[in-house]
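**Student:** Sequence order for the protein chains is L and E.
In case it helps, my numbering puts the first sequence at residues 31 to 320.
In case it helps, my numbering puts the second sequence at residues 11 to 289.
Note that CB positions come from ideal geometry on N, CA and C, so glycine has one too.
All values derive from a computational prediction rather than experimental measurement.
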Amino acid sequence: MAITFEHVGYTYQAGTPMATPALSDISFTVPDHGYLAIIGHTGSGKSTLIQQINALLKPTTGKITVDDFTITPQTTNADLKPLRRHVGMVFQFPESQLFEETIQRDIAFGPQNFGVSEEEANQRALDMLKTVGLDESFADRSPFELSGGQMRRVAIAGVLAMQPKVLILDEPTAGLDPQGRQEMMTLFNRLHQEQGLTIILVTHQMEDVAAYADEVAVMQAGKLLTCATPQEVFSDPTWVQNSDIDVPRAAKFAQRLGKRGVKWDQLPLTADQLADQLVQHWPGMGGQHE
Amino acid sequence: MENIIDVQHLSYRYQDTDGRPALDDISFTVRAGEWLALVGHNGSGKSTLARAVDGLLPFSEGTVTVGGIKLTPETVWEVREKIGMIFQNPDNQFVGATVEDDVAFGLENRQISRAEMVPRVKAALDEVGMQTFAQREPGALSGGQKQRVALAGIVAIAPDILILDEATSMLDPQGRRDMLALVQRLREEKHLTVISITHDIDEAASADRILVIDDGKLVEEAQPAEIFAQGERLVHLGLDVPFTAKLKQALQDRGITVPAGYQTTTEMEEWLWQSLSNT
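1) Please tell me whether W283 (chain E) has its Cβ less than 8 Å away from any Cβ of chain L.
2) Please classify Y24 (chain E) as buried or exposed, where buried requires at least 16 neighbouring CB atoms within 10 angstroms.
3) Could you give the DSSP three-state label for Q318 (chain L): helix, strand or coil?
4) Looking only at its own chain, which residues have a Cβ that is under 6 Å from the Cβ of D244 (chain L), when we skip the five neighbours before and after it?
5) Could you pull out every unbroken alpha helix (DSSP H) segment of at least 4 residues lying fully inside the segment 179 to 233 of chain E, listed in chain order?
6) Hey, how far is the Cα of G29 (chain E) from the Cα of K132 (chain E)?
7) For A52 (chain L), which of helix, strand or coil comes out of DSSP?
8) Give, in chain order, every residue of the segment 292 to 318 of chain L whose Cβ lies closer than 8 Å to some Cβ of chain E.
9) By how many angstroms is the C-alpha of D101 (chain E) removed from the C-alpha of T108 (chain E)?
10) Alpha carbons only, please: which of L:S265, L:E237 and L:L190 is nearest the one belonging to I229 (chain L)?
11) Could you check the C-alpha separation between K56 (chain E) and V204 (chain E) for me, to the nearest Å?
12) Provide the residue(s) that pair with E71 (chain E) in DSSP beta bridges, ordered along the chain.
13) Name the residue from L:L164, L:N143, L:S273 and L:Q261 whose alpha carbon lies nearest to the alpha carbon of W294 (chain L).
14) Got a sec, what are the start and stop residues for the alpha helix (DSSP H) E213 (chain L) sits in?
15) Under three-state DSSP, which class holds S147 (chain L)?
16) Do you know whose CA, among L:N107, L:Q104 and L:A52, lies nearest I80 (chain L)'s CA?
17) If I measure Cβ to Cβ from L304 (chain L) and keep anything under 6 Å in the same chain, skipping five residues before and after, which residues do I get?
18) Shortest alpha-carbon distance to V105 (chain E) belongs to which of E:T142, E:K156, E:V193 and E:A62?
19) In its own chain, which residues sit with a C-beta less than 8 Å from the C-beta of L286 (chain E), not counting the 5 before and 5 after it?
20) What residue from L:E224, L:P278 and L:G226 has the CA that sits closest to A241 (chain L)'s CA?
21) Would you mind giving the Cβ-Cβ distance between H71 (chain L) and D182 (chain E), rounded to the nearest angstrom? I have them listed as a contact below 8 Å.
22) Restricting to Cα atoms, I'd like to know which of E:W283, E:P83 and E:P169 is closest to A42 (chain E).
23) Per the DSSP calculation, L117 (chain E) is bridged to which residue(s)?
24) Could you check the C-alpha separation between E201 (chain L) and F123 (chain L) for me, to the nearest Å?
25) Checking contacts by CB at 8 Å: is E236 (chain E) closer than that to chain L?
26) Does the beta-carbon of K258 (chain E) have 16 or more other beta-carbons within 10 angstroms, so that it is buried, or is it exposed?
27) Identify which residue in L:Q193, L:A185, L:I94 and L:D109 has its Cα closest to the Cα of R154 (chain L).
28) Could you tell me which chain L residues have their CB closer than 7 Å to the CB of P7 (chain E), listed as they occur along the chain?
Okay, structure coming up:
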């Protein structure tokens, strides 16, 4: 599913003395099967932005298109059910939303709510358990006896059981240990590659942006500073500094070597890209060295 | 330097029927003024260990001695006086309606007079750079600000030991860096002993020494450089692989011979520059 924002603005408590503008004039497009990362400091509008995509918050101005659905300030909630079935949202710390007595029932709750039969919803729950890396023995256990990382997987399985075409992830790895983080990001990438899910990832991890995203949107104070490939966004040191964003460690390191005179064809963003180019320069490794 | 914490043969089971102990015969010491990092994957027992040291767990085997006082049900309050603890989720540790009330809470518990309390709260908020937020509601602060307020609450009671239980893991990178810098400064000014439970490589790098906990056992004890030299295995220890180790692995995969051990980014930069210039 492709997603397009056209001049979207959003104001919290619009029309009251408490009105707080949170988004202004946001325009960008995510193609079908795209992988967009959204970065920016805490309070820059990232979470407000993604809540527009399944219309948890409706724009105050402008228009959002998700495939055939159009969301405008006039859209009513009754029109939104088909949209919400296709846009899966994983909030921050989604494990806090688990509530059922068994893991299977918790995962099956969403699809049943959207009219899927109990039998089919239960089957989907078992399938999704496997997808997130938990075996069937978990099905009848209480979600509340799991570790934090396992609870998060169950919550994500609940979103996947709706069979969304777009998956929105708001800092999905926050608070997990490095191994858990790695497994989680690999899972999302697999869903993206194998099932063609469009992914929108809000993150502070620039390594993940470099490794997975096709494009990265940079938010600052409710405005979209840019939306371009990670290569384009991270490559301009002056722009990066002025925009006060972090860059991947490999890029930072490459820039330090760059100051000493190492020439990069294009700025490496990962350790592998960096090593690829270093080999080119390496004495006696086929590299022409001046 | 004297040992401010001395743990000997500590074991703990959450339930008597648990086959596997949560803590299994753990012994270690911490010198006064030291920064010690406890690492391990989720569920390894590192938080359980920190809680045992703070007298929050009724362990049955072994001894814990803090500042020369042996931890028993009788001395637990005396021991806790010496320890301030900050947890992962800042929202779970606020009690006051305003920031200054919250910082005052620990002092009220210790029956400090109002005349003494007011300047101590103010000084503590100054210390962490949150003085202008004194009248604000804690819930409305950012994650990083909340953890600073929690730190102010600890500064106000002036303990000898600060335990950070994944205290930076819910902060954004900037918040994390600010918090670490603040802890570093407080540690120097107040001669604090710091124990930080962490998955963050930068936080672990701040430590003088790292203990690795796995399956309730103390499996390794070494300086950061020695631990970081383990490359890909670090993920199993609950830590990230440092960037320099990832780069070395990537170079090795491409047939380049790399130096052994752990390099800081500066050392790595120097080595690469030397190698590239060496024709």
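**Tutor:** Taking the coordinates as given:
1) For W283 (chain E), the answer is yes, since a Cβ of chain L falls inside 8 Å of its Cβ.
2) Label assigned to Y24 (chain E): exposed.
3) Only weak support exists for where Q318 (chain L) lies, its pLDDT of 49 falling under 50; the value from the coordinates is given anyway. Three-state DSSP puts Q318 (chain L) in coil, outside helix and strand.
4) A distance below 6 Å between beta-carbons, with the five flanking residues on each side excluded, links D244 (chain L) to the following residues of its chain, in chain order: G64 and Y65.
5) Runs found: 183 to 200 and 211 to 215.
6) When the Cα atoms are used, G29 (chain E) and K132 (chain E) turn out to be separated by approximately 50 Å.
7) In the structure shown, A52 (chain L) sits in a strand (DSSP, three-state: E or B).
8) Taking 8 Å as the Cβ-Cβ cut-off, the segment 292 to 318 of chain L approaches chain E at V292, A301, D302, L304, A305, D306, L308, V309, H311, W312, P313 and M315, given in chain order.
9) Those two C-alpha atoms are separated by around 13 Å.
10) The residue among L:S265, L:E237 and L:L190 with its C-alpha nearest the C-alpha of I229 (chain L) is L:L190.
11) Straight-line Cα distance between these residues: approximately 15 Å.
12) Looking at the DSSP assignment, E71 (chain E) forms a beta bridge with E:S21.
13) Per the Cα distances, L:Q261.
14) Annotation: the continuous alpha helix (DSSP H) that includes E213 (chain L) extends over P208 to Q225.
15) Three-state DSSP puts S147 (chain L) in coil, outside helix and strand.
16) The candidate whose alpha carbon is nearest that of I80 (chain L) is L:A52.
17) Once the five neighbours on either side are set aside, the close Cβ partners of L304 (chain L) are A280, A284 and P298.
18) Closest in alpha carbon position to V105 (chain E), among E:T142, E:K156, E:V193 and E:A62, is E:K156.
19) Counting only Cβ-Cβ distances below 8 Å, and skipping sequence neighbours, we find nothing.
20) The residue with the shortest Cα to Cα distance from A241 (chain L) is L:P278.
21) With a Cβ gap of about 7 Å, H71 (chain L) and D182 (chain E) count as contacting.
22) In terms of Cα proximity to A42 (chain E), the closest of E:W283, E:P83 and E:P169 is E:P169.
23) Paired residues: none, contrary to the question.
24) Taking the CA atoms as reference points, E201 (chain L) sits about 8 Å from F123 (chain L).
25) Answer no: the Cβ-Cβ gap between E236 (chain E) and chain L never drops below 8 Å.
26) Sixteen is the threshold: when 16 or more other Cβ atoms of the shown chains lie within 10 Å of the Cβ of K258 (chain E), as they do, the residue is buried.
27) Scanning L:Q193, L:A185, L:I94 and L:D109 for the CA closest to the CA of R154 (chain L) turns up L:Q193.
28) This structure gives no information on residue 7 (chain E), because the portion of chain E shown stretches from 11 to 289.
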